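Visitor: A single structure is presented below for examination.
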Amino acid sequence: MMHAAQERGAELRIGTVTGLARQGGDVVGVDLDGERLEGDAVVIAMGPWSVLATRWLSLPPVFGMKGHSLVFETEETLPPEALFLEYDEGPGSILSPEVFPRADGTTYVCAISSDAPLPVDPASVVPDDGAIDRLRGLCDRVSPVLANSRVIASQACFRPLTQDGLPLIGAIPGARGAYIATGHSVWGILNAPATAEAIAELILDGAAKTVDLSPFSPARLAALDAPASSSLASP
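Straight run, no breaks: the sequence shown in this note's numbering ends on number 660.
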């Protein structure tokens, strides 16, 4: 999707945002590694790390729930349908693995969550001890295809959660020009395209037509008063 956007004139810039560019009360851009980048809109879409934007904006808290995943090289051995399971790992342990065959010949499998603290630096996220071995064992028992496929990635991530379980999608109160799109929990992998379309409509047309965003307004939850700290705890 990024390549398609770049072909249509978009530019990808990777760096650290250190603040927001403002004109009066409006948000007109960001400060990226000391450089002011202006734009018509700023969208906070950093998953659980969206909580860092509370340093500059009045936003509800966003928490992180850690999950683990494997990516297999399965080629065309699996059908294209996603698979959602309930897996009895043993006494008192029921897992909910999800299997996503992809068009590029790989298959993504995720399961095994934990409430580990969210680190400030996403690059420091690593799997919990033993979690990848547990997940690989699960895959071996669930599918002969996965058991005989090469693992090309073993990883962990943090899913963004909100206090009421619904995502934050919409304009940020008191900061015209600023928007947020996060908090989808495990459903971000499926809801991201619809969220992006709705946010684009909101920015360009003043209202979303494809999705009713009113249940997801960030104004429904109290803003986080305390500044983001160097140690971000899970809920």
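Each residue gets a CB set at the ideal place from its N, CA and C atoms; glycine is no exception. If you're wondering where the values come from, they're calculated on a predicted model, not measured in any experiment.
When the Cα atoms are used, what is the spatial distance from residue 611 to residue 490?
Guide: Numbered from 1 along the sequence shown, position 186 holds the residue referred to as residue 611. Numbered from 1 along the sequence shown, position 65 holds the residue referred to as residue 490. Cα to Cα, residue 611 sits roughly 9 Å from residue 490.
Visitor: Can you find the residues in the same chain that come closer than 6 Å, C-beta to C-beta, to residue 627, ignoring five residues on each side of it along the sequence?
Guide: Here the question's residue 627 lines up with position 202 in the sequence shown. Correct list, in chain order: 633.
Visitor: Could you say which of 433, 447, 440 lies nearest to residue 599 if we only look at CA atoms?
Guide: Here residue 599 corresponds to residue number 174 of the sequence shown, with the count starting at 1. Considering only alpha carbons, the answer is 447.
Visitor: Can you check whether the CB of residue 570 is closer than 8 Å to the CB of residue 495?
Guide: For the purposes of this step, residue 495 is taken as residue 70 along the sequence shown, with counting starting at 1. For the purposes of this step, residue 570 is taken as residue 145 along the sequence shown, with counting starting at 1. Not a contact, by the Cβ cut-off of 8 Å.
Visitor: Thinking residue 664 and residue 591 are a contact (beta carbons under 8 Å), I'd like their distance in whole angstroms, please.
Guide: Summary: the structure shown does not reach residue 664, with the chain confined to residues 426 through 660, and so no result is reported for it.
Visitor: Out of 587, 581, 643, 589, which has the shortest C-alpha to C-alpha gap to residue 538?
Guide: Locating residue 538 in the sequence shown gives position 113, counting from the first residue. Taking only the C-alpha atoms, the option nearest residue 538 is 581.
Visitor: Determine the direct distance from the alpha carbon of residue 620 to that of residue 559, and round the result to whole angstroms.
Guide: As a first step, residue 559 is located in the sequence shown; it is residue number 134 there, counting from the start. As a first step, residue 620 is located in the sequence shown; it is residue number 195 there, counting from the start. Cα-Cα distance, rounded: 33 Å.
Visitor: Count Cβ pairs between the segment 438–447 and the segment 455–469 that sit closer than 8 Å; are there 3 or more?
Guide: Short answer: they touch.
Visitor: With which residues is residue 404 paired in a DSSP beta bridge?
Guide: Examination of residue 404 is not possible in this model, given that the chain is present from 426 through 660 alone.
Visitor: Just the C-alpha distance for residue 652 and residue 616, rounded to the nearest angstrom, thanks.
Guide: Against the sequence shown, residue 652 aligns to sequence position 227. Against the sequence shown, residue 616 aligns to sequence position 191. Since pLDDT at residue 652 reaches only 47, below the 50 mark, its modelled position is unreliable, and no value is offered.
Visitor: Per DSSP, what are the beta-bridge partners of residue 595 in this structure?
Guide: Sequence index remark: in the sequence shown, residue 595 carries index 170 (1-based). Its beta-bridge partners are 605.
Visitor: Check for me: the beta strand (DSSP E) holding residue 588 runs from which residue to which?
Guide: By one-based count along the sequence shown, residue 588 stands at place 163. Careful: residue 588 lies outside any beta strand (DSSP E) and carries neither H nor E.
Visitor: How about residue 465 and residue 601: do their beta carbons lie closer than 8 Å?
Guide: Residue 465 sits at position 40 when you count from the first residue of the sequence shown. Residue 601 sits at position 176 when you count from the first residue of the sequence shown. No, Cβ-Cβ distance for residue 465 and residue 601 is not below 8 Å.
Visitor: Would you list the one or two residues that DSSP bridges to residue 463?
Guide: Looking up residue 463 in the sequence shown gives position 38. Answer by DSSP bridge pairing, in chain order: 454.
Visitor: Evaluate contact between the segment 511–520 and the segment 549–568, counting only Cβ atoms and requiring at least three cross-stretch pairs below 8 Å.
Guide: At 8 Å Cβ cutoff, the stretches touch.
Visitor: Given residue 578, which residues of its chain have a CB within under 6 Å of its CB, disregarding the five upstream and five downstream residues?
Guide: By one-based count along the sequence shown, residue 578 stands at place 153. Contacts found: 496.
Visitor: Under 6 Å Cβ to Cβ from residue 520, same chain only, skipping five residues before and after it: list those, please.
Guide: Mapped onto the sequence shown, residue 520 falls at position 95. Counting only Cβ-Cβ distances below 6 Å, and skipping sequence neighbours, we find 512, 514, 536.
Visitor: Are residue 649 and residue 595 touching if we call contact CB-CB under 8 Å?
Guide: Along the sequence shown, read from residue 1 onward, the residue named residue 649 stands at position 224. Along the sequence shown, read from residue 1 onward, the residue named residue 595 stands at position 170. Result no, Cβ atoms of residue 649 and residue 595 do not sit closer than 8 Å.
Visitor: Considering only C-alpha positions, which residue in the set 438, 478, 597 is nearest to residue 624?
Guide: Position 199 of the sequence shown, counted from the first residue, corresponds to residue 624. Among 438, 478, 597, the Cα nearest to that of residue 624 belongs to 597.
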